[in-house]
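Input: a single structure, listed below in structure tokens.
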Amino acid sequence: MSEAPRALLVMDQATLDVQFGQRQLRRLRELTELADPIWTPELDTPSARRRLRESEVLVTSWGCPPLTAERLADAPRLRAVFHCAGTVRPFVTDEVWRRGIVVTSAADANAIPVAEFTLAAIIFAGKKAPFLAQDARTHRDDWSYVTRRGELSNRGRTVGVVGFSRVGRRVVERLRDLEMDVLVSDPYAAAAEVSAAGGRLVPLAELLRGCDVLTLHVPSLPETRHLIGAAELALLRDGTTVINTARGAVLDTAAIERECASGRLDAILDVTDPEPLPAGSVLYELPNVMITPHIAGSLGSETWRMSDSALDELERHLSGRPLLTAVTPDEFTVSA
0 MSEAPRALLV
10 MDQATLDVQF
20 GQRQLRRLRE
30 LTELADPIWT
40 PELDTPSARR
50 RLRESEVLVT
60 SWGCPPLTAE
70 RLADAPRLRA
80 VFHCAGTVRP
90 FVTDEVWRRG
100 IVVTSAADAN
110 AIPVAEFTLA
120 AIIFAGKKAP
130 FLAQDARTHR
140 DDWSYVTRRG
150 ELSNRGRTVG
160 VVGFSRVGRR
170 VVERLRDLEM
180 DVLVSDPYAA
190 AAEVSAAGGR
200 LVPLAELLRG
210 CDVLTLHVPS
220 LPETRHLIGA
230 AELALLRDGT
240 TVINTARGAV
250 LDTAAIEREC
260 ASGRLDAILD
270 VTDPEPLPAG
280 SVLYELPNVM
290 ITPHIAGSLG
300 SETWRMSDSA
310 LDELERHLSG
320 RPLLTAVTPD
330 EFTVSA
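Shown next, in the form of structure tokens:
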């Protein structure tokens with residue numbers, strides 16, 4: 000390994016404290032020569048610009064400012080960016096690609112807790128658990144109402160997975176051990192790969208007509224905005240539960256609100272559009288809707304998995320080994 004590169008962490012103090020324990024910081028110091036101070040949440044102050052000019056490596060996380068041409072002009076030595084979170088869309092610009100700067104992402108690591116959360120939501124949806132829990136508060140002395148909720152089981156149910164993404168693939172693989180049928184819709188997926196994971200690739204309309212639970216795992220792109228709108232929701236069977244742990248804009252908020260208000264569909268929403276929803280949104284009040292405050296992704300000690308991933312990639316980069324989580328310009332255009 001050559002001389003340790005100069006590195007700067009681009010994140011605020013709170014993020015640093017959450018994502019970097021003593022073990023991660025010790026490893027980072029072993030791999031690099033850290034700037035002083037080691038972190039900055041912004042790149043335009045005199046101190047940040049000085050440290051940026053000296054840096055060959057940036058270790059970034061949530062809230063990293065866009066790496067514009069003007070900012071990169073202050074970073075003549077910059078060779079690589081190792082991101083300790085999922086999407087790099089908020090800060091990677093065309094100038095990054097033009098300069099040939101290496102970019103990696105911890106999206107694979109972040110996909111793990113999202114898939115775990117989604118699996119739990121799917122199983123709970125089969126039993127209508129989030130909604131029956133609310134009923135239990137008002138039917139404390141008589142639980143016979145449970146039998147009026149219709150079929151409450153997971154065996155033999157059909158799950159529709161929209162998007163064979165990092166998260167979508169993991170959800171399909173985890174469902175393989177359950178007695179459920181899994182349909183997948185994704186224009187970029189190969190039928191053989193979906194089959195190997197435990198699902199069956201079908202057109203979106205067929206998936207919507209055939210599923211008991213619909214779960215969304217596509218990136219937020221112009222072409223995926225309101226991918227699931229009024230027309231798509233109308234294809235779902237009565238009683239279907241819609242789960243969104245992807246991006247709020249993928250699901251038409253007004254359309255799902257209408258369907259849930261009518262009682263025809265249920266929903267478990269970890270993301271919304273806008274986020275958070277307005278305080279007066281009907282979705283907060285509906286007994287067949289569960290809203291969680293964007294908690295499916297990495298939190299607490301789960302974030303160490305992402306910083307470890309970034310540090311693994313940094314070590315591979317410094318030793319000349321192939322990177323496992325590099326983001327390419329082509330992938331950037333279609334990924335989250």
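For the sequence shown, numbering that gives the first Met the number 0 assigns the number 0 to the initial residue and increments by one for each residue that follows. Just so it is clear, CB atoms sit at the ideal spot from N, CA and C, and this is done for glycine as well.
Applying the criterion that 16 or more other CB atoms from any shown protein chain within 10 Å of the CB defines a buried residue, is alanine 132 buried or exposed?
Only exposed fits alanine 132, as fewer than 16 other CB atoms lie within 10 angstroms of its CB.
Along the chain, which unbroken stretches of the beta strand (DSSP E) at least 3 residues long are found entirely within the segment 59-88?
With a minimum length of 3 residues, the continuous beta strand (DSSP E) runs that stay inside the segment 59-88 are 79-82.
For my contact list, leucine 322 and glutamate 312 are in at a C-beta cut-off of 8 Å; report their separation, rounded to the angstrom.
Yes, leucine 322 and glutamate 312 are in contact; Cβ-Cβ is about 6 Å, under 8 Å.
Give a yes or no on contact between the segment 59-76 and the segment 278-289, applying the rule of three or more CB pairs nearer than 8 Å.
No contact exists between the segment 59-76 and the segment 278-289.
Just to confirm my understanding: we take valine 217, look at its own chain, exclude 5 residues before and 5 after, and list those with CB closer than 7 Å. What are they?
Within its own chain, the residues whose Cβ lies closer than 7 Å to the Cβ of valine 217, once the five positions on either side in sequence are excluded, are Val161, Gly162, Ser164, Thr223, Leu226, Ala245, Val249, listed in chain order.
Between the CA atoms of alanine 188 and threonine 117 - distance to the nearest angstrom:
Threonine 117 and alanine 188 have their C-alpha atoms some 20 Å from each other.
With DSSP as the reference, please indicate the residues paired to glutamate 32 in a beta bridge.
DSSP output for glutamate 32 lists Arg5 as bridge partner(s).
Which complete alpha helix (DSSP H) runs does the segment 234-303 hold, if anything under 4 residues is left out?
For the segment 234-303, whole alpha helix (DSSP H) runs of length 4 or above, ordered along the chain, are 252-260.
Assess, as a yes-or-no matter, whether the segment 67-77 is touched by the segment 91-100 under the definition of 3 or more beta carbon pairs within less than 8 Å.
They touch, by the three-pair rule.
Going along the chain, which residues of its own chain have a beta-carbon closer than 8 Å to the beta-carbon of valine 171, five neighbours each way excluded?
Excluding positions up to five away in sequence, the list reads Val160, Phe163, Val181, Val183, Val193, Ala196, Gly197, Gly198.
How would you call threonine 137, buried or exposed, if buried means at least 16 neighbouring beta carbons within 10 angstroms?
Exposed, because fewer than 16 other Cβ atoms sit within 10 Å of the Cβ of threonine 137.
For the beta strand (DSSP E) containing aspartate 180, name the first residue and the last one.
Here the beta strand (DSSP E) through aspartate 180 covers 180-184.
Any chance you could list the alpha helix (DSSP H) runs of at least 4 consecutive residues sitting entirely within the segment 84-172, in chain order?
Runs found: 93-97, 106-126, 128-137.
Can you give me the C-alpha to C-alpha distance between threonine 324 and tyrosine 144, rounded to a whole angstrom?
Cα to Cα, the separation comes out at about 50 Å.
Within 10 angstroms of the Cβ of serine 104, are there 16 or more other Cβ atoms? Answer buried if so, exposed if not.
Under this definition serine 104 is a buried residue.
Chain-order list of residues whose beta-carbon lies under 8 Å from that of threonine 239 (same chain, five-residue window excluded):
Around threonine 239: Cys210, Asp211, Val212, Leu213, Leu264, Asp265.
Which class does threonine 324 belong to by DSSP, given the choice of helix, strand or coil?
DSSP places threonine 324 in coil when its eight states are reduced to three.
Measuring alpha carbon to alpha carbon, tell me which residue in Asp307, Val326, Ser334 is nearest glycine 20.
Ranking the options by Cα distance to glycine 20, first place goes to Asp307.
On a Cα-Cα basis, can you pick out the residue from Ser152, Gly155, Trp142, Asp185 that is closest to glycine 167?
Put simply, of Ser152, Gly155, Trp142, Asp185 the residue whose alpha carbon is nearest the alpha carbon of glycine 167 is Asp185.
Helix, strand or coil for arginine 175 per DSSP?
Correct three-state label for arginine 175: coil.
Near proline 112, which residues of its chain fall below 7 Å by C-beta distance, leaving aside the five closest residues on each side in sequence?
Around proline 112: Ala295, Gly296, Ser297, Glu301.
Closest by CA to glycine 319, which one among Leu203, Met179, Ala114, Val101?
Cα-wise, what sits closest to glycine 319 is Val101.
What separation, rounded to the nearest whole angstrom, lies between the Cα atoms of proline 202 and alanine 190?
Going from the Cα of proline 202 to the Cα of alanine 190 covers about 11 Å.
Best match in Asp16, Leu268, Arg173, Asp272 for proximity to alanine 253 [C-alpha to C-alpha]:
With respect to the C-alpha of alanine 253, the residue from Asp16, Leu268, Arg173, Asp272 having the closest C-alpha is Asp272.
Backbone CA spacing between proline 275 and proline 292 [nearest angstrom]:
Answer to the nearest angstrom: the Cα atoms are 8 Å apart.
Could you give the distance in angstroms between the alpha-carbon of leucine 15 and the alpha-carbon of arginine 156?
If I take the Cα positions, the gap works out to 43 Å.
Do we get a CB-CB distance below 8 Å when we pair arginine 257 with the residues of chain B?
Of the chains in the structure shown, none is chain B; there is only one protein chain.
Using the rule of at least 16 other Cβ atoms within 10 Å of the residue's Cβ for burial, across every protein chain shown, is valine 80 buried or exposed?
Buried.
Output the distance between the C-alpha atoms of glutamate 32 and threonine 86, rounded to the nearest integer angstrom.
The alpha-carbon atoms of glutamate 32 and threonine 86 are separated by roughly 26 Å.
Cβ-based burial, glycine 99 [other Cβ within 10 Å; buried from 16]:
Exposed is the call here.
At the level of alpha carbons, what is the spacing between leucine 8 and aspartate 140?
Here the alpha carbons of aspartate 140 and leucine 8 stand approximately 56 Å from one another.
Taking the CB atoms as reference points, tell me whether leucine 30 and glutamate 314 lie closer together than 8 Å.
Yes, these two residues count as a Cβ contact at 8 Å.
Once the 5 residues before and after leucine 215 are set aside, which same chain residues still bring their CB inside 6 Å of it?
Result list for leucine 215: Val161, Asn243, Ala245, Val249, in chain order.
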